[in-house]
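The structure appears right after this line, and notes come after that.
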Amino acid sequence: MELREQIQSVMERAVEECLVAGVNFLVEQDGEEVLGGQNPLNGAMAATVEDYKNLYGAAFKEVDFDKPVYKLDNKTLSEFGVTDMNHIRKIYTQYNSADSENKTLVYYYLVMDKDKAAEYFIQYYNFNASKEAID
328 MELREQIQSV MERAVEECLV AGVNFLVEQD GEEVLGGQNP LNGAMAATVE
378 DYKNLYGAAF KEVDFDKPVY KLDNKTLSEF GVTDMNHIRK IYTQYNSADS
428 ENKTLVYYYL VMDKDKAAEY FIQYYNFNAS KEAID
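Going by the numbering used here, the sequence shown opens with residue 328, and the numbers climb by one from there.
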């Protein structure tokens with residue numbers, strides 16, 4: 328299966344399961360940014376996140392639900408009902424790269440009720456919109 332088909336399959340499954348894709352991630356330790364990236368994570372980045380989880384245990388936040396998100400007009404995930412890892416689904420998919428090596432992508436999806444998901448999308452996609460651009 329080609330990468331495009333695999334991504335399409337992952338997205339279709341997410342829609343069927345009412346999951347919303349998280350967009351960016353940031354790992355902080357003791358107030359310092361130690362790791363950042365964009366959804367999906369490649370296998371190496373996902374392994375690094377797991378290393379941090381193993382190293383810091385309960386002190387490590389894989390997702391900070393109370394950090395203001397710029398593209399959400401500084402709202403937090405908690406304000407959209409995403410309050411713990413039970414509201415996160417990680418989807419792993421394999422793909423073949425140009426060098427024929429089998430590689431992994433990890434997608435983080437936010438699990439929300441329908442109304443909160445609609446509010447999230449409106450906020451996220453309207454963030455940089457202007458009335459002139461819409462008209």
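Even glycine gets a Cβ: it sits at the ideal position worked out from N, Cα and C. Keep in mind it's a predicted model, so treat the numbers as computed, not measured.
Whole-angstrom C-beta distance between K398 and Y434, which should lie under 8 Å: Not a contact, Cβ separation roughly 18 Å.
So the beta strand (DSSP E) Y422 belongs to, where does it begin and stop? 415–423
Go ahead and label F407 buried or exposed: buried means 16 or more other beta carbons lie within 10 angstroms of its beta carbon, across all protein chains shown. buried
Residue range of the alpha helix (DSSP H) that A385 falls in? Premise fails: A385 is in no alpha helix (DSSP H) and is neither H nor E.
What span of residues does the alpha helix (DSSP H) with E406 cover, start to end? Looking at the DSSP string, E406 is not in any alpha helix (DSSP H), and its letter there is neither H nor E.
When you compare the CB positions of V390 and M412, do they come within less than 8 Å of one another, or not? yes
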